[in-house]
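Take a look at the structure set out below.
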Amino acid sequence: EAGVAQSPRYKIIEKRQSVAFWCNPISGHATLYWYQQILGQGPKLLIQFQNNGVVDDSQLPKDRFSAERLKGVDSTLKIQPAKLEDSAVYLCASSGHENTEAFFGQGTRLTVV
Amino acid sequence: KNEVEQSPQNLTAQEGEFITINCSYSVGISALHWLQQHPGGGIVSLFMLSSGKKKHGRLIATINIQEKHSSLHITASHPRDSAVYICAVRGSGSGNTGKLIFGQGTTLQVKP
Numbered sequence: 036e037a038g039v040a041q042s043p044r045y046k047i048i049e050k051r052q053s054v055a056f057w058c059n060p061i062s063g064h065a066t067l068y069w070y071q072q073i074l075g076q077g078p079k080l081l082i083q084f085q086n087n088g089v090v091d092d093s094q095l096p097k098d099r100f101s102a103e104r105l106k107g108v109d110s111t112l113k114i115q116p117a118k119l120e121d122s123a124v125y126l127c128a129s130s131g132h133e134n135t136e137a138f139f140g141q142g143t144r145l146t147v148v
Numbered sequence: 040k041n042e043v044e045q046s047p048q049n050l051t052a053q054e055g056e057f058i059t060i061n062c063s064y065s066v067g068i069s070a071l072h073w074l075q076q077h078p079g080g081g082i083v084s085l086f087m088l089s090s091g092k093k094k095h096g097r098l099i100a101t102i103n104i105q106e107k108h109s110s111l112h113i114t115a116s117h118p119r120d121s122a123v124y125i126c127a128v129r130g131s132g133s134g135n136t137g138k139l140i141f142g143q144g145t146t147l148q149v150k151p
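Line by line, the protein sequences are chains H and L. The opening position of the first sequence corresponds to residue 36 in the working numbering, with each subsequent residue numbered one higher. The opening position of the second sequence corresponds to residue 40 in the working numbering, with each subsequent residue numbered one higher.
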């Protein structure tokens with residue numbers, strides 16, 4: 036079974052630039068999560084989708100971050116404009132249901148300089 | 040205070056040693072996950088448990104729901120076990136239902 040796919044693996048941008056990350060969850064998984072993990076900390080939930088609807092985006096900095104999952108499958112997370120403090124690993128995870136095991140992608144390591 | 044606390048934050052062991060990582064939580068949960076994260080890599084789920092004990096190879100995970108505490112044990116540790124181990128709970132209370140709440144992680148280094 037293919038896992039959660041994320042791209043790119045690494046990205047370096049200058050502050051004030053924009054960046055987008057892509058996630059392809061495990062086939063059939065209705066729930067998709069985006070997490071931000073700053074070095075030395077545990078992951079922090081940014082947004083949770085159930086199919087193409089948003090379940091929780093309470094910790095998403097909506098002035099600069101946006102995410103969509105238009106067809107209920109793939110998802111993109113965008114940052115515009117990026118700040119230095121956005122440097123982190125962005126993890127995508129999916130689960131068949133919000134109360135079942137979540138599977139994580141390899142993450143995208145973003146460095147903002 | 041974090042809702043999920045892990046200890047220790049950092050751990051260095053010699054190859055072959057028995058290792059224990061602890062996780063305490065303060066919220067109602069429906070399940071607890073132990074996750075492994077290698078440097079530069081993604082996260083791999085080791086265990087999901089809601090009661091008792093699970094074993095997979097050299098790894099053992101236990102949970103005590105009454106005490107809101109879980110432990111991850113590694114027997115006969117090996118340098119390839121070096122990674123960050125993260126405890127995450129799936130909340131079941133008001134405002135937390137279905138949400139994964141993560142601990143800070145424990146960085147383990149096993150020396151040959």
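Glycine included, every Cβ here is placed at the ideal spot set by N, Cα and C.
*Taking C-beta pairs closer than 7 Å, name the residues in chain H that G91/L reaches, listed in chain order.*
Within chain H, no residue comes near G91/L; the closest Cβ sits about 17 Å away, beyond 7 Å.
*Rounded separation between S110/L and P47/L - CA only*: In this structure, the alpha-carbon of S110/L lies about 11 Å from that of P47/L.
*What residues in its chain sit with their C-beta under 6 Å from that of Q131/H, if we drop five residues either side in the sequence?*
For the sequence presented, residue 131/H should be read as Gly rather than Gln. Result list for G131/H: H64, in chain order.
*asked:* Does Q76/H pass the burial test, meaning 16 or more other C-beta atoms within 10 Å, or should it be called exposed?
replied: Exposed, since its Cβ has fewer than 16 Cβ neighbours within 10 Å.
_When you compare the CB positions of L50/L and L147/L, do they come within less than 7 Å of one another, or not?_
With respect to the 7 Å criterion, L50/L and L147/L are classified as neighbours on the basis of their beta carbons.
*Between I82/H and A55/H, which are expected to be in contact by the criterion C-beta below 8 Å, what is the C-beta distance as a whole number of angstroms?*
Between I82/H and A55/H the beta-carbon gap is near 14 Å, outside 8 Å, which marks them as no contact.
*Stretch pair the segment 81–96 of chain H + the segment 42–56 of chain H: three plus CB contacts closer than 8 Å*: Verdict: no, contact absent.
*Return the chain-ordered list of same chain residues with a C-beta closer than 7 Å to the C-beta of V83/L, the five sequence neighbours on each side being excluded.*
Cβ contact annotation for V83/L (same chain, cutoff 7 Å, sequence separation greater than five): L74 and Q75, in chain order.
*In the DSSP assignment, find the unbroken beta strand (DSSP E) run with K93/L in it and report its ends.*
That run of the beta strand (DSSP E) goes G91 to H95.
*For L119/H, name the three-state secondary structure that DSSP assigns.*
Reduced to three states, the DSSP call for L119/H is helix.
*Taking the alpha carbon of S90/L as the point to measure from, which residue in T145/L, S121/L and V128/L has its own alpha carbon closest?*
Check the Cα spacing between S90/L and each of T145/L, S121/L and V128/L: the tightest is with V128/L.
*asked:* Please list, in chain order, the chain L residues whose beta carbon lies closer than 7 Å to that of D92/H.
replied: Within chain L, no C-beta atom comes less than 7 Å from the C-beta of D92/H; the nearest is roughly 12 Å away.
*8 Å contact criterion, which L119/H and G140/H should meet: CB distance rounded*: With a Cβ gap of about 24 Å, L119/H and G140/H do not count as contacting.
*Three-way DSSP call (helix, strand, coil) for D91/H in this model*: In the structure shown, D91/H sits in a strand (DSSP, three-state: E or B).
*asked:* At a CB distance below 9 Å, what residues from the segment 60–78 of chain H approach chain L? Give them in sequence order.
replied: Residues T66, Y68, Y70, Q72, G75, Q76, G77 and P78.
*Can you tell which of G81/L, R97/L, L139/L and E42/L has its C-alpha closest to the C-alpha of G38/H?*
Nearest option by C-alpha distance: G81/L.
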